[in-house]
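Per full-length UniProt numbering, the very first residue in the sequence shown carries number 1; after that it's consecutive.
Even glycine gets a Cβ: it sits at the ideal position worked out from N, Cα and C.
The next block holds one structure in the form of structure tokens; read it before the comments.
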Amino acid sequence: MAVSGFEGFEKRLEIHFSGDDPAALGLRQLDFPSLEKILHAVQCTVVSAVGNAHFDSYVLSESSLFVYPTKIVIKTCGTTQLLKSVRPFIDHGISLGLTLLGCRYTRGSFIFPLAQPYPHTSFKNEVIYLEANLPKNLTHKKATTMNSKSNHKWHVFTAFVDGPPVDLSVDDSYTVEICMTELDPTLARNFFRYASFECVGSSRDGNILEVLKRVVRIFGPGKLSVSTTAGPGVRNRMWRGMARAVEPLGMRLTSSGAREFPNAGSIVFQTFVADRK
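If you want it as structure tokens, here you go:
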């Protein structure tokens, strides 16, 4: 893979299932040869793996994979053809007796769009590919691009079955995806020009805000983008909290937008710039 294929923003795919037995292993029963075959289709391999009582985590070439009993999360900041795993993962989940509930695909604007292979050549092509490979019973669909005043845009596609919001029944749950670019050259002399990470948690604690402040101090980004996927009780508290956390560190909010997604919660996308002298 070309060096230019590494991205600040990650492509992220999340597939949800349900099962009759909440204590069952579910997707964690997927055997390694089957997993390798899926990953071969998206052009990556397993580098290392570790598991605990709740999920299995895989470090992949250019990517990361997390397998829960009823959820798959795969993401990359490279040129991995992430969406080619959609149909194989769905088929394996169904073969294990699980019921597909839906999927969510998110990414920012590519820094090196010409390095991306099909179907990641454009958001339009990604949506067409997803719709062609998802079952027809995922009737609640939405594809949108959340704009900002900078060049950073947030692309979101969701498709879910009819019913209650998936995995967001706890009102204070959230997933936060953060990307930092134009890092301070002195603070980030041992890093690349950008850094990104993800946090999953609950707004009952303020850990994510402390983490956000810590990384801003460490990397000194010129630009910061934050996407928060949350349940109905979190959105306003989280986006206000993000701004309050980083503004004292010299980061100025330049844009903020929110979108609701059918049966998939809401997403708030915020961008900040550093007031550098």
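Alpha carbon to alpha carbon, how far is T45 from I38? Give it in angstroms, no decimals. Translated into the one-based positions of the sequence shown, residue 38 becomes position 38. Translated into the one-based positions of the sequence shown, residue 45 becomes position 45. In a straight line, the C-alpha of I38 is about 10 Å away from that of T45.
How should K84 be labelled, buried or exposed, when 16 other C-beta atoms within 10 angstroms of its C-beta is the threshold for buried? Taking the sequence shown and counting its residues from 1, the one referred to as residue 84 is at position 84. Its Cβ being crowded by 16 or more others within 10 Å, K84 is buried.
Just verifying my parser: in three-state terms, what is the DSSP assignment at G26? Residue mapping note: residue 26 aligns to position 26 of the sequence shown, counting from 1. Here G26 carries a helix assignment [DSSP, helix/strand/coil].
Which word fits I128, buried or exposed, when buried means at least 16 other C-beta atoms lie within 10 angstroms of its C-beta? Here residue 128 refers to the residue found at position 128 when the sequence shown is read from its first residue. Under this definition I128 is an exposed residue.
From the DSSP output, which residues share a beta bridge with T158? Locating residue 158 in the sequence shown gives position 158, where the first residue counts as 1. Secondary-structure assignment with DSSP links T158 through a beta bridge to R104, K142.
Can you pull the DSSP bridge partners for Q81? As a first step, residue 81 is located in the sequence shown; it is residue number 81 there, counting from the start. Answer by DSSP bridge pairing: none, since Q81 is not bridged.
Quick one: Cα of A262 to Cα of D184, how far? To locate residue 262, count along the sequence shown from 1; it is residue 262. To locate residue 184, count along the sequence shown from 1; it is residue 184. Note on identity: in this sequence residue 262 is Pro, with Ala being the wrong assignment. Near 39 Å, if we compare the C-alpha coordinates of D184 and P262.
Secondary structure of S34, DSSP reduced to three states: The residue given as residue 34 occupies position 34 in the sequence shown. In the structure shown, S34 sits in a helix (DSSP, three-state: H, G or I).
Alpha-carbon to alpha-carbon, H140 and residue 279: Since the first residue of the chain shown is 1 and the last is 277, residue 279 is not available in this structure.
For T158 and T228, I'd like the C-alpha separation in whole angstroms. In the sequence shown, residue 158 corresponds to position 158, counting from 1. In the sequence shown, residue 228 corresponds to position 228, counting from 1. Our two residues, T158 and T228, have alpha carbons roughly 15 Å apart in a direct line.
Using DSSP bridges, identify the partner residues of F197. Taking the sequence shown and counting its residues from 1, the one referred to as residue 197 is at position 197. Answer by DSSP bridge pairing, in chain order: I178.
Please report the distance separating the alpha-carbon of T106 from that of E177. The sequence position of residue 106 within the sequence shown is 106, counting from 1. The sequence position of residue 177 within the sequence shown is 177, counting from 1. Cα-Cα distance, rounded: 10 Å.
Could you check how far apart the C-beta atoms of L101 and V161 are, in whole angstroms? I think they sit under 8 Å. Taking the sequence shown and counting its residues from 1, the one referred to as residue 101 is at position 101. Taking the sequence shown and counting its residues from 1, the one referred to as residue 161 is at position 161. With a Cβ gap of about 6 Å, L101 and V161 count as contacting.
Presumed contact (8 Å Cβ cut-off) between Y68 and L27, rounded CB distance: Position 68 of the sequence shown holds residue 68. Position 27 of the sequence shown holds residue 27. Y68 to L27, Cβ: 7 Å. Contact.
Run the CB neighbour count on A245, radius 10 Å, all protein chains shown included, and call it buried at 16 or more, exposed below. Here residue 245 corresponds to residue number 245 of the sequence shown, with the count starting at 1. Of the residues assessed, A245 falls on the buried side of the cut-off, its CB having 16 or more other CB atoms within 10 angstroms.
Relative to the C-alpha of residue 334, which residue among Q43, A49, T70, V50 is closest? Summary: the structure shown does not reach residue 334, with the chain confined to residues 1 through 277, and so no result is reported for it.
Local conformation of R127 per DSSP, three classes: Numbered from its first residue, the sequence shown carries residue 127 at position 127. Residue 127 is actually Val in this sequence, not Arg. Helix, per DSSP.
Report back the beta-carbon spacing between F17 and T145 to the nearest angstrom; my notes put them in contact at under 8 Å. Position 17 of the sequence shown, counted from the start, is the residue given in the question as residue 17. Position 145 of the sequence shown, counted from the start, is the residue given in the question as residue 145. Between T145 and F17 the Cβ distance is about 28 Å, and since that is not below 8 Å, they are no contact.
The region 208-226 touching the region 241-258, judged by at least three CB pairs closer than 8 Å: Proximity of the region 208-226 to the region 241-258 meets the contact definition, three or more beta-carbon pairs being nearer than 8 Å.
Check this for me: beta carbons of F32 and S109, under 8 Å apart or not? Counting from 1 along the sequence shown, the entry for residue 32 is found at position 32. Counting from 1 along the sequence shown, the entry for residue 109 is found at position 109. Contact: no.
Taking only three categories from DSSP, how would you classify P135? Here residue 135 corresponds to residue number 135 of the sequence shown, with the count starting at 1. The answer is coil: DSSP assigns P135 none of H, G, I, E or B.
Please report how far the alpha carbon of Q81 lies from the alpha carbon of H120, in whole angstroms. By 1-based counting over the sequence shown, the position of residue 81 is 81. By 1-based counting over the sequence shown, the position of residue 120 is 120. H120 has its alpha-carbon roughly 7 Å from the corresponding atom of Q81.
H92 and L13: beta carbons closer than 8 Å? As a position in the sequence shown, residue 92 is number 92, starting the count at 1. As a position in the sequence shown, residue 13 is number 13, starting the count at 1. H92 is not a Cβ neighbour of L13, given a cutoff of 8 Å.
Suppose you measure from the CA of R240 to the CA of S61; what does that come to, to the nearest Å? The sequence position of residue 240 within the sequence shown is 240, counting from 1. The sequence position of residue 61 within the sequence shown is 61, counting from 1. So the two alpha carbons sit approximately 36 Å from each other.
Can you give me the C-alpha to C-alpha distance between M1 and T175, rounded to a whole angstrom? If you number the sequence shown from 1, residue 1 lands on position 1. If you number the sequence shown from 1, residue 175 lands on position 175. With a pLDDT of 37 at M1, under the threshold of 50, the modelled position of that residue is not reliable, and no figure is offered here.
Could you pull out every residue in the same chain whose Cβ sits closer than 7 Å to the Cβ of N137, ignoring the five residues on either side in sequence? Walking along the sequence shown from the start, residue 137 turns up at place 137. Cβ within range, chain order: V161.
If you measure between the beta carbons of T181 and P221, is that distance less than 8 Å? As a first step, residue 181 must be located in the sequence shown, where it is residue number 181. As a first step, residue 221 must be located in the sequence shown, where it is residue number 221. Cβ distance < 8 Å, so T181 and P221 count as in contact.
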